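J.:
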Amino acid sequence: DQQVKQNSPSLSVQEGRISILNCDYTNSMFDYFLWYKKYPAEGPTFLISISSIKDKNEDGRFTVFLNKSAKHLSLHIVPSQPGDSAVYFCAAPGSGGGADGLTFGKGTHLIIQP
Amino acid sequence: EAGVAQSPRYKIIEKRQSVAFWCNPISGHATLYWYQQILGQGPKLLIQFQNNGVVDDSQLPKDRFSAERLKGVDSTLKIQPAKLEDSAVYLCASSLPGQGTYEQYFGPGTRLTVT
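Those sequence lines, one after another, are chains A and B.
Residue numbering for the first sequence follows our numbering, starting at 1138 and increasing by one per position.
Residue numbering for the second sequence follows our numbering, starting at 2 and increasing by one per position.
Here you go:
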């Protein structure tokens, strides 16, 4: 049973336009969410996060929106650049009590077209 | 600041053989994680250490996988005996607990192919 779902395996966006990556979750206990970016043959790198007490967090070209009632979050990249081509993972830390290993979605492969 | 180091980067073994992976976390990071990433999937947590104690190993297949972090710094993950379905990238990550951000820093991973 997937607790974090990314239903779009891939997304193609033109350079300069907005990229919107979506993520849904089923576990109501999740109260923090992270986005990671991964290039081939490298480990994931942290991009941006959001706490459940907020509905938006912004960092430069990257904004994450959280809709708790819909159990949905999205990552917006504006404007999209060629270097943004990568796999993006949505993740949430686990059950508490110090056990905070991340539960990841399957990822969305973002391709920025010139 | 040096990142998370892992070795080897690639390993090919035959099924039923054993293999070990090594991880050196970022200096001062008390928490260390091992993840398994199968092709087309997101990383899946195998085990979490806090210093040299295990916090969570609920998803570790303990009949064949073992991990240790004896001095609270480096860690080793072992598979014995390996199966075809163990072919994956094994990622090590570390974090500084108590920061409230849950951010983890990942190494480059070890790609294991079991034939």
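Don't be surprised by glycine CBs; every beta carbon is placed ideally from N, CA and C.
Only a predicted model underlies this, so the values are computations on that prediction, with no experimental measurement involved.
(1) Based on Cα-Cα distance, which residue from A:Pro1230, A:Asn1204, A:Asp1138, A:Ala1178 lies nearest to aspartate 1192 of chain A?
(2) Are any of the Cβ atoms in chain A nearer than 9 angstroms to that of aspartate 57 of chain B?
(3) Anyone know if the C-beta pair for glutamine 60 of chain B and leucine 47 of chain B falls short of 9 angstroms?
(4) State the Cα-Cα distance for the pair proline 109 of chain B and lysine 1174 of chain A, rounded to the nearest angstrom.
(5) Going by the beta-carbon positions, is the gap between threonine 116 of chain B and lysine 12 of chain B smaller than 9 angstroms?
(6) Counting only C-beta atoms, is serine 1186 of chain A closer than 9 angstroms to chain B at any point?
(7) Could you tell me whether the Cβ of lysine 45 of chain B comes closer than 9 angstroms to any Cβ of chain A?
(8) Tell me the residue span of the beta strand (DSSP E) that contains valine 90 of chain B.
(9) Between threonine 102 of chain B and chain A, is there a C-beta pair that is closer than 9 angstroms?
(10) Counting C-beta neighbours from all protein chains within 10 Å, is the total for alanine 1178 of chain A 16 or more, i.e. buried, or is it exposed?
T.: Taking the coordinates as given:
(1) In the first sequence, counting from the first residue as 1, residue 1192 of chain A sits at position 55. Taking aspartate 1192 of chain A as reference, the option from A:Pro1230, A:Asn1204, A:Asp1138, A:Ala1178 with the minimal CA-CA separation is A:Asn1204.
(2) Translated into the one-based positions of the second sequence, residue 57 of chain B becomes position 56. By this cut-off, aspartate 57 of chain B is an interface position.
(3) Along the second sequence, one-based indexing puts residue 60 of chain B at 59. Along the second sequence, one-based indexing puts residue 47 of chain B at 46. Annotated as proximal: glutamine 60 of chain B and leucine 47 of chain B, with beta-carbon spacing under 9 angstroms.
(4) As a working mapping, residue 109 of chain B is identified with position 108 in the second sequence. As a working mapping, residue 1174 of chain A is identified with position 37 in the first sequence. If you draw a straight line from the Cα of proline 109 of chain B to the Cα of lysine 1174 of chain A, it is about 13 angstroms long.
(5) Locating residue 116 of chain B in the second sequence gives position 115, where the first residue counts as 1. Locating residue 12 of chain B in the second sequence gives position 11, where the first residue counts as 1. With respect to lysine 12 of chain B, threonine 116 of chain B sits apart: the two C-beta atoms are not nearer than 9 angstroms.
(6) Within the first sequence, numbered from 1, the residue matching residue 1186 of chain A stands at position 49. Output row for serine 1186 of chain A: interface = yes.
(7) Residue 45 of chain B sits at position 44 when you count from the first residue of the second sequence. With 9 angstroms as the cut-off, lysine 45 of chain B counts as an interface residue toward chain A.
(8) Here residue 90 of chain B corresponds to residue number 89 of the second sequence, with the count starting at 1. Looking at the DSSP string, the run of the beta strand (DSSP E) that includes valine 90 of chain B is 89 to 96.
(9) To locate residue 102 of chain B, count along the second sequence from 1; it is residue 101. By this cut-off, threonine 102 of chain B is an interface position.
(10) Start at 1 with the first residue of the first sequence, and residue 1178 of chain A comes out as number 41. Of the residues assessed, alanine 1178 of chain A falls on the exposed side of the cut-off, its CB having fewer than 16 other CB atoms within 10 angstroms.
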